[in-house]
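Data first, discussion second: the structure below is written as structure tokens.
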Amino acid sequence: MIASFPVKALATTALLFSVSAWGDSETHGHMRHDPERTAQETAFGRTGDPKRVARTVRVAMSDNMRFTPAALSVKRGETIRFVVRNEGKIMHEMVLGTEESLAQHAKMMRTSHHMAHDMAHDGTYMLHVAPGKTGEIIWEFSRAGTVRFGCLIPGHFEAGMIGEVRVED
């Protein structure tokens, strides 16, 4: 059976949209501060206001399973723009959290990678970055203490891809 031109055009358009949507889910680089996303309050801070950024911290992620820098200090109430670059050849991510929340998230990622990834990566405190790409997290550190960050792709966290932010009064 020969398909008509409108049917072929519709099928081609549907295919292009599905490929485009798949590509977005793999790179996430600029989705952290989509105006339609809801600001989040957590035990380790809240979504930062881009107009109140006090400073920018550049973070590199490598295939050696390391963040550079792996530690930094901020003042309570300070809003930081993290510019996160994946300098490796494999996917990495940066997720802010408590030691407990990161360990739970890493465990979930190990048990059901695709489903867990889709369900768990909807926060403004996390960023999934494709190789060679850069993304941003803007975060206000509203409570004193230690906030961790890690790459929770299976095996990365366990290999030591973790860092910390010391939040001082």
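First residue of the sequence shown: 0, per numbering that gives the first Met the number 0; consecutive thereafter.
Note that beta-carbon positions come from the ideal geometry of N, C-alpha and C, so glycine has one too.
Between the C-alpha atoms of residue i and residue j, what's the straight-line distance to the nearest angstrom?
| i | j | result |
| --- | --- | --- |
| Ala-143 | Gly-47 | 16 Å |
| His-155 | Met-90 | 10 Å |
| Asn-63 | Val-56 | 20 Å |
| Thr-78 | Ile-136 | 10 Å |
| Met-60 | Leu-95 | 14 Å |
| Val-133 | Val-82 | Rather than Val, the amino acid found at residue 133 in this sequence is Thr. Between Thr-133 and Val-82, the C-alpha separation is close to 7 Å. |
| Lys-106 | Glu-40 | 23 Å |
If the criterion is Cβ atoms closer than 9 Å, does the pair residue i and residue j meet it?
| i | j | result |
| --- | --- | --- |
| Phe-140 | Lys-74 | yes |
| Asn-85 | Gly-131 | yes |
| Pro-49 | Met-108 | no |
| Leu-126 | Glu-92 | yes |
Between residue i and residue j, which are expected to be in contact by the criterion C-beta below 8 Å, what is the C-beta distance as a whole number of angstroms?
| i | j | result |
| --- | --- | --- |
| Val-146 | Val-164 | 4 Å |
| Thr-110 | Ala-38 | Not confirmed; about 29 Å, so no contact. |
3-residue-minimum beta strand (DSSP E) runs that sit fully inside the region 44-71, ordered along the chain: 44-46, 54-61 and 65-67
At least 3 beta-carbon pairs within less than 8 Å: the region 67-75 vs the region 97-111: no
Complete runs of the beta strand (DSSP E) confined to the region 80-140 [at least 3 residues]: 91-96, 125-128 and 133-139
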